[in-house]
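In my numbering, the protein residues as written are 6 to 352.
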């Protein structure tokens, strides 16, 4: 490694450490502003408050590791431009692109750290973050639920707006229930699902037959239902990379739920490459910045251009507007195109 390359990398890494700490502090300040009131209202102990903040940290670290890259590269190159160091390098015969390619080396390590953190550490912390808040509120965690459950068996259709875990392991609570059997429709506000006897029992049911007005049932109605009560899936951000792949292997997973998990998995992979892509794009852009002020403005622009499609991604993927993989890679693709155009300009 040449002395010039070492000089550039050391200067960029100095700014990177400052940018990383800055973004961590800014995000943690935002978290504190949103949670301090709840800590005081519910008399949270210092240990409880610290636990919730620490469980936020892996997610904040992931964002900071990535966002600090354009901050470091642009401000470093902006300083060099302001001090005419870049011009001196050009005068010595150094090609512009040779100043940028070495930036990929340290940020490959940042990408590897992001890959590990987002794949395993952050999901583990996200799951425990909810438990920490239930502890502060003095509540037990809500039982797992499944929304809009439907199952067909022969000519009988079973539907429940919500399936929640009951007090007994072999029993589930049903809400918003409908059973359609031929032309007969049975509805009830609530019911129970006994997985041991494979039955649904509806209380306070109404029975509607063709050509007749709905009639209340004086007794609970029981139906044989042979589906398996699978536990509901955790939130996508609470699943490790291996767990996401296992869930996606389920052929019954369809629609928005499948697209959400696909986007979550693809997004973690895409985010692992963002640091390197940022380093190259910001380096090429930094060579065109006339000074520090322009470099700082470019940092803000880069963060906004990246952050908008990144935050809209989950909604676009779940709604099916674009394929989950394309949505996940869209922020990176924007900067790959930018880097290619700038490399052509500076070749």
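Glycine residues also receive a C-beta, built at the ideal position from the N, C-alpha and C atoms.
Contact between the segment 270-287 and the segment 326-342 is present: three or more C-beta pairs spanning the two stretches fall below 8 Å. DSSP places residue 194 in the strand class (E or B) of the three-state scheme.
Cβ-Cβ separation between residue 191 and residue 226: approximately 6 Å, consistent with a contact (criterion under 8 Å). Beta-bridge analysis with DSSP links residue 176 to 199.
The residues 16, 17, 20, in chain order, have a CB closer than 7 Å to that of residue 81 in the same chain once the five nearest residues on each side in sequence are set aside.
One thing to note: residue 150 has its Cβ no nearer than 7 Å to the Cβ of residue 133. In terms of Cβ geometry, residue 272 and residue 333 form a close pair [threshold 7 Å]. With contacts defined by Cβ atoms closer than 7 Å, residue 276 and residue 64 do not form a contacting pair. Segment contact: the segment 71-87 against the segment 37-57, fewer than three CB-CB distances shorter than 8 Å; contact not assigned.
Bridge pairing for residue 33: absent [DSSP]. By the Cβ rule, the segment 297-314 does not count as touching the segment 153-161, because fewer than three pairs are nearer than 8 Å. In the DSSP assignment, the residues bridged to residue 207 are 196, 226. Taken atom to atom, the span from the alpha-carbon of residue 257 to that of residue 232 is near 13 Å. When C-beta atoms of the segment 50-64 are compared with those of the segment 18-38, three or more pairs fall below 8 Å, so the two segments count as touching. Taking residue 293 as reference, the option from 210, 87, 47 with the minimal CA-CA separation is 87. As the crow flies, the alpha-carbon of residue 197 is around 43 Å from that of residue 67. Within the same chain, 74, 280, 281, 284 come within 7 Å of residue 112 by CB-CB distance, once the 5 residues on both sides are set aside. Under the three-state reduction of DSSP output, residue 7 falls in the coil class, being neither helix nor strand. Taken in chain order, the unbroken stretches of alpha helix (DSSP H) that lie wholly in the segment 59-138 and span 4 residues or more are 90-96, 109-121. Around the beta carbon of residue 48, fewer than 16 other beta carbons sit within 10 angstroms, so the residue counts as exposed.
Under the three-state reduction of DSSP output, residue 23 falls in the helix class. Closest option to residue 103, judged by alpha-carbon separation, among 14, 83, 189: 14. Rounded to whole angstroms, the gap between the alpha carbons of residue 195 and residue 212 is 14 Å. The continuous stretches of alpha helix (DSSP H) do not include residue 164, which lies in the beta strand (DSSP E) extending over residues 161-170. Per DSSP, the continuous alpha helix (DSSP H) segment holding residue 274 begins and ends at 260-291. Boundaries of the alpha helix (DSSP H) harbouring residue 248: 246-253, taken from the DSSP string. With a cut-off of 8 Å on Cβ pairs, the segment 204-219 is in contact with the segment 171-191, counting three or more such pairs. Setting aside the 5 residues that flank it on each side, residue 241 is surrounded in the same chain by 265, 266, 269, each with a C-beta closer than 6 Å to its C-beta; the list follows chain order. Here residue 344 carries a helix assignment [DSSP, helix/strand/coil].
In chain order, 83 place their CB closer than 7 Å to the CB of residue 299, counting only its own chain and leaving out the 5 sequence neighbours on each side. Put simply, the backbone Cα of residue 95 is about 46 Å away from that of residue 320. Non-local C-beta neighbours of residue 243 in its own chain, meaning closer than 7 Å and more than five positions away in sequence, comprise 128, 131, 132, ordered along the chain.
Taking the CA atoms as reference points, residue 343 sits about 11 Å from residue 310. With a beta-carbon spacing of about 4 Å, residue 351 and residue 101 fall inside the 8 Å limit used to define contacts.
Of all alpha-carbon atoms in 349, 176, 262, the one lying nearest the alpha-carbon of residue 325 is that of 262.
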